[in-house]
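S.K.: Residue numbers (our numbering): 35 to 342.
Glycine included, every Cβ here is placed at the ideal spot set by N, Cα and C.
Below: one structure in structure tokens.
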Amino acid sequence: MASPIIIDCDPGVDDAIALLLAFGLDLPVAGITTVAGNVPLSLTYPNARKICALASRTDIPVFEGCPRPLIRPLATAEEVHGASGLQGANFPAPPPPNTSQHSVNFLIQQLLNADEPMRIAALGPLTNLAVAIIQCPQIVDHIDQLVIMGGAMGQGNITPAAEFNIYVDPHAAHVVLSANIPTTLITLDVTHTVLTTPERLSDIRAVGNQVSAAAAGMLSFYGQNDLARYGLPGAPLHDPCVLAYLYKPELFTTREVAVSVEMTGEHTLGRTVVDWYGNGQNSTIQVAESIDTNGVYQLLIEALSCFS
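Right, here's the structure in full:
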């Protein structure tokens with residue numbers, strides 16, 4: 035039995051698709067923690083509950099986390115995800131919260147008390163996890179694997195140098211990536227090859243259930259920004275790559291390298307500096323080199339087909 039997973043996220047369209055992928059593949063999700071990022075926390079928290087309700091997974095606890103980065107003011111991405119964060123699909127009002135515990139407290143309590151080390155899927159800014167590490171450094175010994183969607187070695191997506199999740203809270207990213215946790219970093223260099231082309235979008239819509247219809251609607255809206263900005267033929271599935279890695283890591287190749295985060299640069303704030311040509315022998319970080327894009331979409335279709 036694979037170890038339990040905590041999903042830390044800021045829904046967000048691609049976070050929503052990642053959650054649906056996890057649910058459809060029946061991954062052992064112990065809880066969902068939310069953070070401000072793609073949209074403010076006042077939206078990411080109810081959005082996560084809406085997605086759980088859509089997928090009939092209200093048994094999974096959802097926690098409200100940090101409303102802003104450690105030091106910097108919050109930057110958001112409504113132009114990508116829409117004013118609600120889940121533009122393109124209609125959701126009913128979220129179900130009532132099933133817990134009042136803070137995300138940071140849940141992370142600490144769950145990691146310390148788990149019968150075995152846990153896995154963490156980090157899909158947004160790393161504020162929640164950084165605060166948990168600062169408050170209780172011993173939790174790092176209880177993390178079996180941390181998989182992060184974040185960073186860029188080539189072109190950024192919020193500045194020329196930086197990827198959004200790392201840019202929003204570079205100081206949190208520094209805390210997490212310096213904590214000697216076994217980590218896999220999936221950067222834009224990989225996720226920008228995982229494109230929801232018109233043909234793949236048609237395949238998603240053709241699944242023909244309520245969940246796949248919502249996914250197709252969100253991805254149709256979400257793809258418009260990337261078409262206009264990058265000329266891409268469809269929306270990159272950034273966050274679902276993390277869950278695909280946790281379910282089927284053989285879809286990826288990785289390399290052990292050292293990674294640091296730029297926290298002061300005028301033009302490079304939030305840049306992940308990946309020592310691709312160093313030996314990486316003392317690093318606990320694997321950076322994804324390549325991905326089987328068709329394999330990821332096959333997993334997504336498989337997962338969406340599991341919903342009635």
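Give me the Cα-Cα distance between S294 and M183, rounded to the nearest whole angstrom.
M.R.: Taking the first residue of the sequence shown as 1, we reach residue 294 at position 260. Taking the first residue of the sequence shown as 1, we reach residue 183 at position 149. Their backbone Cα atoms lie some 15 angstroms apart in a straight line.
S.K.: What is the DSSP secondary structure of V293, reduced to helix, strand or coil?
M.R.: Your numbering for residue 293 matches position 259 in the sequence shown. Of the three classes helix, strand and coil, the one that applies to V293 here is strand, per DSSP.
S.K.: I want to know whether the stretch 282-289 touches the stretch 90-105 - three or more CB-CB distances under 8 angstroms.
M.R.: Counting C-beta pairs closer than 8 angstroms gives fewer than three between the stretch 282-289 and the stretch 90-105, which falls short of the contact rule.
S.K.: Does the distance from the CB of A207 to the CB of I215 come in under 9 angstroms?
M.R.: As a first step, residue 207 is located in the sequence shown; it is residue number 173 there, counting from the start. As a first step, residue 215 is located in the sequence shown; it is residue number 181 there, counting from the start. Contact flag unset, no.
S.K.: Return the CA-CA distance between I142 and P232, expressed in angstroms with no decimal places.
M.R.: Within the sequence shown, numbered from 1, the residue matching residue 142 stands at position 108. Within the sequence shown, numbered from 1, the residue matching residue 232 stands at position 198. If you take the alpha carbons of I142 and P232, they lie about 42 angstroms apart.
S.K.: Could you check where the alpha helix (DSSP H) with D178 kicks off and where it finishes?
M.R.: Indexing the sequence shown from 1 puts residue 178 at position 144. No alpha helix (DSSP H) holds D178; the beta strand (DSSP E) holding it covers 177-183.
S.K.: Which partner residues does E98 have in the DSSP bridge list?
M.R.: Position 64 of the sequence shown, counted from the start, is the residue given in the question as residue 98. Beta-bridge pairing links E98 to T68, H136.
S.K.: First and last residue of the beta strand (DSSP E) that includes C43?
M.R.: Counted from its first residue, the sequence shown places residue 43 at position 9. First-last of the beta strand (DSSP E) with C43: 39-43.
S.K.: Of the choices A89, G58, L55, G46, whose alpha-carbon is the least far from that of V69?
M.R.: Translated into the one-based positions of the sequence shown, residue 69 becomes position 35. Taking the Cα of V69 as reference, the smallest distance to any Cα among A89, G58, L55, G46 is reached at G46.
S.K.: Quick check: E296 and P194, are their CB atoms within less than 9 angstroms of each other?
M.R.: In the sequence shown, the residue the question calls residue 296 occupies position 262. In the sequence shown, the residue the question calls residue 194 occupies position 160. No, the pair does not count as a contact, with Cβ atoms beyond the cut-off.
S.K.: Is there a Cβ of chain E sitting closer than 9 angstroms to that of Q143, yes or no?
M.R.: You won't find chain E in this structure, because it holds only one protein chain.
S.K.: Given a threshold of 16 other Cβ atoms within 10 Å of its Cβ, counted over all protein chains shown, does G242 qualify as buried or as exposed?
M.R.: For the purposes of this step, residue 242 is identified with residue 208 of the sequence shown, where counting begins at 1. Answer is exposed; the Cβ neighbour count stays below 16.
S.K.: CA-CA distance, Q144 and G116?
M.R.: To locate residue 144, count along the sequence shown from 1; it is residue 110. To locate residue 116, count along the sequence shown from 1; it is residue 82. Between Q144 and G116, the C-alpha separation is close to 33 angstroms.
S.K.: Determine, using beta-carbon pairs with one atom in the stretch 154-170 and one in the stretch 54-69, whether at least three such pairs fall under 8 angstroms.
M.R.: Flag = yes, the stretch 154-170 and the stretch 54-69 touch.
S.K.: Hey, would you say G58 sits closer than 9 angstroms to A89, going by beta carbons?
M.R.: Position 24 of the sequence shown, counted from the first residue, corresponds to residue 58. Position 55 of the sequence shown, counted from the first residue, corresponds to residue 89. In contact: G58 and A89 (Cβ atoms closer than 9 angstroms).
S.K.: Between which residues of its own chain and I319 is the CB-CB distance below 8 angstroms, once the five residues before and five after are set aside?
M.R.: As a working mapping, residue 319 is identified with position 285 in the sequence shown. Around I319: L211, T217, T218, L219, E290, V291, A292, V293.
S.K.: Leaving aside the five residues before and after F255 along the sequence, list all residues of the same chain whose C-beta is less than 8 angstroms from its C-beta, in chain order.
M.R.: Taking the first residue of the sequence shown as 1, we reach residue 255 at position 221. Excluding residues within five positions, the ones whose Cβ falls inside 8 angstroms are V47, G116, Q121, G122.
S.K.: Apply the 10 Å Cβ neighbour rule to H378 and answer buried if 16 or more other Cβ atoms are within range, or exposed otherwise.
M.R.: Nothing can be reported for residue 378, as the shown portion of the chain is limited to 35 through 342.
S.K.: When you compare the CB positions of A213 and I167, do they come within less than 9 angstroms of one another, or not?
M.R.: Translated into the one-based positions of the sequence shown, residue 213 becomes position 179. Translated into the one-based positions of the sequence shown, residue 167 becomes position 133. Yes, the Cβ-Cβ distance between A213 and I167 is below 9 angstroms.
S.K.: Taking the alpha-carbon of Q135 as reference, which of D44, P107, C100 has the nearest alpha-carbon?
M.R.: For the purposes of this step, residue 135 is taken as the residue at position 101 of the sequence shown. Of D44, P107, C100, the residue nearest in Cα terms is C100.
S.K.: Should G188 be labelled buried (16 or more other beta-carbon atoms within 10 Å of its own) or exposed?
M.R.: Position 154 of the sequence shown, counted from the first residue, corresponds to residue 188. G188 is exposed by the Cβ-count criterion.
S.K.: Can you name, in chain order, every residue of its own chain whose Cβ lies under 8 angstroms from the Cβ of D178, other than the five neighbours on each side?
M.R.: Along the sequence shown, one-based indexing puts residue 178 at 144. Excluding sequence neighbours, D178 sits near S37, E150, P151, M152, R153, P216.
S.K.: When you compare only the Cα positions, how much space is there between L235 and S246?
M.R.: Within the sequence shown, the letter at position 201 stands for residue 235. Within the sequence shown, the letter at position 212 stands for residue 246. Between L235 and S246, the C-alpha separation is close to 10 angstroms.
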